[in-house]
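Residue 1 is where the sequence shown starts when you use full-length UniProt numbering, and the numbers rise one by one after that.
We put the CB at the ideal spot given by N, CA and C, even for glycine.
Taking it in order: structure first as structure tokens, then the write-up.
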Amino acid sequence: MNEHKEKILSVCNAICKGTLMETLDITYIDVGENFLLARMPVTPRVHQPDGVLHGGASVALAESVGSAASYVFLDGKEFFVRGIEIAANHVKSVKEGYVYARASMLHKGRTTQLWEIKITNEEGDLISNCKLTTIALPRK
């Protein structure tokens, strides 16, 4: 299982080169039977003007992890995955350290999938709770 897990994480991290995920320094760090986990450093690069994590950076993290999870848990070679709706509730601010986003599948339909992405700080406190709907479109 560890070898399989490392391969999945390696692929997820490799496809981020030259993308927003690389710009935000998002790294995929764990995968399990029904979840994908990533982390992002909280630095001035992702702050809003008053020095705390920008909600838009949190949403970008959530959509990145949820979409990557769809790619992992669906056959990414057979489907294009696109986010079609995202909602976020930001409940706590963070100024530094890392935030962790864990995408868990709530619904796996043939066409649409529903993900819950919980973003936490290093102490495990909830920072944002997000819901992402993705769509799987067949590659032709």
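Please name the residue, chosen from Glu96, Phe80 and Asn13, that lies closest to valine 65 on a Cα-to-Cα basis.
Asn13
What are the partner residues of lysine 5, as DSSP defines its beta bridges?
The partner list for lysine 5 (beta bridge, DSSP) is empty, contrary to what the question assumes.
Mind checking whether isoleucine 86 and cysteine 130 have CB atoms under 9 Å apart?
yes
If you draw a straight line from the alpha carbon of threonine 19 to that of alanine 62, how long is it in whole angstroms?
15 Å
Counting pairs of beta carbons, one from the stretch 65–80 and one from the stretch 45–57, are three or more of them closer than 8 Å?
no
Note down, in chain order, each residue of its chain lying with its Cβ closer than 8 Å to the Cβ of leucine 9, except the 5 sequence neighbours on either side.
Tyr28, Ile29, Asp30 and Val31
Bridge partner(s) assigned by DSSP for methionine 40
Val99
Got a sec, what are the start and stop residues for the alpha helix (DSSP H) valine 59 sits in?
55–73
Tell me whether threonine 120 is buried or exposed, calling it buried when 16 or more other Cβ atoms sit within 10 Å of its Cβ.
buried
Got a sec? Which residues, its chain only, sit under 8 Å from valine 94 by beta carbon, not counting five neighbours each side?
Val42, Val52, Leu53, Asn121 and Ile127
What residues in its chain sit with their C-beta under 6 Å from that of tyrosine 100, if we drop five residues either side in the sequence?
Arg39 and Thr120
Restricting to Cα atoms, I'd like to know which of Ile135, Asp125 and Met105 is closest to threonine 111.
Ile135
Three-way DSSP call (helix, strand, coil) for valine 94 in this model
coil
Among residues of its own chain, excluding the 5 on either side of arginine 139, which ones have a beta-carbon nearer than 7 Å to its beta-carbon?
Glu78, Phe79 and Phe80
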